[in-house]
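Listed in order, the protein sequences are those of chains A and B. Here the first sequence stands for residues 9 to 512, numbered as in my numbering. Here the second sequence stands for residues 9 to 512, numbered as in my numbering. Using N, Cα and C, we set each Cβ at its ideal position, and we do this for glycine too. In this text, all values refer to a predicted model and were calculated from it rather than measured experimentally. The structure appears right after this line, and notes come after that.
Number of protein chains: 2
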Amino acid sequence: MILFRQALRFTSRLPFICGRCRTYSAQVGSVERVISAFRSVSGDEGVSVGSAVREQHGRDESVHICRPPDVVVFPRSVEEVSALAKICHHHQLPMIPFGTGTGLEGGVGALKGGVCFSLRKMEQVLDLHQEDFDVTVEPGVTRKGLNSYLRDTGLWFPVDPGADASLCGMAATSASGTNAVRYGTMRENVLNLEVVLADGTVLHTAGKGRRPRKTSAGYNLTNLFVGSEGTLGIITKATLRLYGIPESMVSAVCSFPSVQSAVDSTVQILQAGVSIARIEFLDDVMINACNRFNNLSYAVTPTLFLEFHGSSKSMQEQVSITEEITRDNGGSDFAWAEDEETRGRLWKARHDAWYAALALRPGCKAYSTDVCVPISRLPQIIVETKEDLIRNNITGPIAGHVGDGNFHCLIVLDPNDPDEVQRVHSFTERLARRALAMDGTCTGEHGIGLGKRALLREEVGPSAIEVMLGLKASLDPKNLMNPGKVKGWVSRVPSHFRSPCCTR
Amino acid sequence: MILFRQALRFTSRLPFICGRCRTYSAQVGSVERVISAFRSVSGDEGVSVGSAVREQHGRDESVHICRPPDVVVFPRSVEEVSALAKICHHHQLPMIPFGTGTGLEGGVGALKGGVCFSLRKMEQVLDLHQEDFDVTVEPGVTRKGLNSYLRDTGLWFPVDPGADASLCGMAATSASGTNAVRYGTMRENVLNLEVVLADGTVLHTAGKGRRPRKTSAGYNLTNLFVGSEGTLGIITKATLRLYGIPESMVSAVCSFPSVQSAVDSTVQILQAGVSIARIEFLDDVMINACNRFNNLSYAVTPTLFLEFHGSSKSMQEQVSITEEITRDNGGSDFAWAEDEETRGRLWKARHDAWYAALALRPGCKAYSTDVCVPISRLPQIIVETKEDLIRNNITGPIAGHVGDGNFHCLIVLDPNDPDEVQRVHSFTERLARRALAMDGTCTGEHGIGLGKRALLREEVGPSAIEVMLGLKASLDPKNLMNPGKVKGWVSRVPSHFRSPCCTR
């Protein structure tokens, strides 16, 4: 009974309020009718208005405050997603897709309330084609889940953002991570998507069931939805490229006297055509944190962690070339490992970076920035950023996918200290603008979400924003898909997003 | 004087006619005013209405009939392209971008007349960043031109469709070719585009001057324009990824008893992680044609041509793994070469395939089909296609980028024989539908152009066509950019493409 009253309290404002401007509207129906319609599609257990469930679906792993939806639905199939979307469309209710909640820019926050589509019950791995190196997954399937499923096939999906994220969520945010330098990001590894549009239409971006490795047929809808962060539709299936598991993997670590020498080594390793799969940079602060967290004794200097993928015989040569390049650039303490256990130990330091950073200030929270610049600009931006961190008394060890020019400050802050929060906010904006001034981007892999809406406009310019808004209006004229994100890219509300009540 | 009269004759219908429905409109100005406006932007030598120039710009290398524009303009800068586009937009004149005219699906045909933007005078290589592995080029720069420019840098641009095409044109058609199995297609290798939209707006798809290797910032406009075939805007600059020239390249050739065994070898080579850069299939008819054309003596059976890129030391191992795989699949006559001269001789057979096919029937024309299927379906589709060719008495040797599942029939036909033209037309449609029935695409790299408009609808389905039309309407509401191509994707004219006169 308490739950029921609570449900009514939380949902009473839902169907009476315009999903866009939050003013009352006489056009929409009653609470009961909407909830009942949802339940007729997904059953009682497929609809939740409980506060704990809603709060759980209003936040990701970032420091953005929780913005819970009014209702959470748990569809079990694309047909249910489509039917639920049609109800939302009819009642003009915002729709926010939710995978695993491992995003880092607040992309799942229900800024305008509305309905969260939690997709975890759609968890089938479908249509594995081993000979064709492709597989289709539902949105409840995670990266580790897929690789576990593939264990005995000799294949794997290499894109690795660190978190065990939903693969469809990774597509939605154009995720990448440590392996991108060799295998690319989600942009290069999604062959087809099934998407439910705002009005419930089911779209197959490359045509239903199609999975050629390349195509020139019509506009590239697949890559329009990859990185669209739920603002154009709900991804309900992704067809992905797979790769043969390399015969051999060798890892190495090397210390450098300066950021410049580590980056110079990176450029030369890439130019030499070494079969590098990961090339990760950790600054002295990060290495120090890793040493303390994992009881290690790496030299506290800029450091590269590397991984080579290829045939057993070629590994020795790859390692030799790399060692020679690093030595020529002043690198030292070069150590490499082939067996899985030693490799695992070596990479543990890198994988634990987030927790190592957190351990620097127990009780605090971590926030990861995410900029990407042309590789040659890395030394300057990292040096300037480190000076900025020191000047503003911010704890922010640096780790980065240096082969792509992408790096993160893992900022550890006390969220209850408004002064520190403000200093961190100002720092992250300065960092993003520094990247923009160096021909780079304010986000290499985390997405725009809530945190970078203003920065996007600075990055791409007004013409590109206008084009993006036009595309959004074309696909979602009522602005129901994850609203508040795209509209936040402009300071004014464009006319095509205004509903009748919004124009008052 | 003759030229002037001729000009008037050719252009007299131009500014008085609606660019979409070809009916007269009182809204637009006079001949003299439009031509004069063009000349005020690009000078007398930058505007041509001569019939030879117009005809040269109304065709590509396909068998589609020439559809000349009314005027050809030769802008020298993005500012000129923008100013010319504004004039066209004001007068509602169709605009068709033209690079080198090496397309294969009639994409440059001026179906509705209008203004051809020949971009050959914009031929600068701009902003080479060696350390960052990127370069920006204008649309007059060709693939070979860029690689010649890069000769002393240790870098190259590997996407190789065969023709010496304009790089911006390659972006517009999402081209690829022999190296795609290792280096990807244009989709994976364009970092940023400068585009002039229908109303003259200059758009930078990833923001002006930006060139990070990856980004998650907003919608992926770059890959919306890659493959848009001039229907959304005119590409005036492309920022491209470059690669280090591999230390060593080794080529090999191997004969097989069947298509199946050649394809099985391909799958196993890919799965073994061999550093393969090209893996090209030629059927028995193609090999026979090559033997005759180049005075060679390859066994007349299905054949693979391969190329490995990597370090010198690793080459021996790569070749050994490959030789073992091919031998296990019944391959024979395995021959490999490392020195440039022998490699050149070996690849000459593959590169001359087009001319070797043409030489089978002197005086005839060649037409290249272009389908792509998941690799496992290649044996079946190739066998069925060969039976179809024989049954219908069509000369069509097969060559393909088998690592991507992409192949071509190089059909040689007499264009003056209507019965043969009809047989070839029916054959190509059957071939495309065979690819569609096997989860594939009707075009892997040539694009939709004129030839495959109906097939695209079958491939992606009505929902995707509606979305594509919506995107087109959003970016080019007057349907002025290369008109007749996108609109041809539907049988009816959607309302948002109708101009005032079209609605009569």
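Status (buried if at least 16 other CB within 10 Å, exposed otherwise) for residue i
i: residue 536 of chain B; result: The first residue shown for chain B is 9 and the last is 512, placing residue 536 of chain B beyond what the model contains.
i: residue 393 of chain B; result: buried
i: residue 326 of chain A; result: buried
i: residue 159 of chain B; result: exposed
i: residue 371 of chain B; result: exposed
i: residue 147 of chain B; result: buried
i: residue 273 of chain B; result: buried
i: residue 415 of chain A; result: buried
i: residue 93 of chain B; result: buried
i: residue 102 of chain A; result: buried
i: residue 247 of chain A; result: buried
i: residue 219 of chain A; result: buried
i: residue 284 of chain A; result: buried
i: residue 169 of chain B; result: buried
i: residue 120 of chain B; result: buried
i: residue 134 of chain B; result: exposed
Beta strand (DSSP E) segment containing residue i, residue limits
i: residue 249 of chain B; result: 242-249
i: residue 374 of chain A; result: 373-376
i: residue 315 of chain A; result: 311-318
i: residue 407 of chain A; result: 406-409
Helix, strand or coil at residue i according to DSSP, with G and I counted as helix
i: residue 7 of chain B; result: Coverage of chain B is limited to positions 9 through 512, which leaves residue 7 of chain B absent and any answer about it impossible.
i: residue 340 of chain B; result: strand
i: residue 58 of chain B; result: coil
i: residue 174 of chain B; result: strand
i: residue 299 of chain B; result: helix
i: residue 161 of chain A; result: helix
i: residue 142 of chain B; result: strand
i: residue 256 of chain B; result: strand
i: residue 263 of chain A; result: strand
i: residue 46 of chain B; result: helix
i: residue 6 of chain B; result: This structure cannot speak to residue 6 of chain B, because chain B is shown only from 9 to 512.
i: residue 66 of chain B; result: coil
i: residue 149 of chain B; result: coil
i: residue 393 of chain A; result: helix
i: residue 453 of chain A; result: coil
i: residue 387 of chain A; result: helix
Span separating the alpha-carbon of residue i from that of residue j
i: residue 105 of chain B; j: residue 215 of chain B; result: 22 Å
i: residue 76 of chain B; j: residue 65 of chain B; result: 6 Å
i: residue 439 of chain B; j: residue 171 of chain B; result: 24 Å
i: residue 477 of chain A; j: residue 295 of chain A; result: 43 Å
i: residue 95 of chain A; j: residue 488 of chain A; result: 12 Å
i: residue 437 of chain B; j: residue 463 of chain B; result: 8 Å
i: residue 253 of chain A; j: residue 282 of chain B; result: 12 Å
i: residue 305 of chain B; j: residue 491 of chain B; result: 48 Å
i: residue 408 of chain B; j: residue 449 of chain B; result: 14 Å
i: residue 50 of chain B; j: residue 83 of chain B; result: 6 Å
i: residue 164 of chain B; j: residue 278 of chain A; result: 13 Å
Inter-residue CB distance, residue i and residue j (contact presumed, cutoff 8 Å)
i: residue 456 of chain B; j: residue 113 of chain B; result: 7 Å
i: residue 205 of chain A; j: residue 213 of chain A; result: Residue 205 of chain A to residue 213 of chain A, Cβ: 11 Å. No contact.
i: residue 179 of chain B; j: residue 468 of chain A; result: In fact, because the Cβ distance is near 18 Å, the residues do not count as touching under 8 Å.
i: residue 71 of chain B; j: residue 375 of chain B; result: 5 Å
i: residue 299 of chain B; j: residue 356 of chain B; result: Going by Cβ atoms, the distance from residue 299 of chain B to residue 356 of chain B rounds to 12 Å, so no, they are not a contact pair.
i: residue 81 of chain B; j: residue 125 of chain B; result: 6 Å
i: residue 209 of chain A; j: residue 130 of chain A; result: Actually they are not in contact, since the Cβ atoms of residue 209 of chain A and residue 130 of chain A sit about 18 Å apart, beyond 8 Å.
i: residue 263 of chain A; j: residue 193 of chain A; result: The pair is not a contact, with the Cβ atoms about 29 Å apart (cut-off 8 Å).
i: residue 78 of chain A; j: residue 115 of chain A; result: The Cβ separation is near 18 Å, so there is no contact.
Continuous alpha helix (DSSP H) stretch holding residue i: start and end
i: residue 351 of chain B; result: 348-359
i: residue 112 of chain A; result: First-last for residue 112 of chain A: undefined, no H or E at that position.
i: residue 280 of chain B; result: Residue 280 of chain B -> no alpha helix (DSSP H), and no H or E assigned at all.
i: residue 7 of chain B; result: The question about residue 7 of chain B has no answer, for chain B in this structure spans 9 to 512.
i: residue 197 of chain B; result: 194-197
i: residue 93 of chain A; result: 86-99
Any non-hydrogen atom of the ligand SAM closer than 7 Å to residue i Cβ
i: residue 66 of chain A; result: For the ligand SAM, the structure offers nothing, since it holds no ligand at all.
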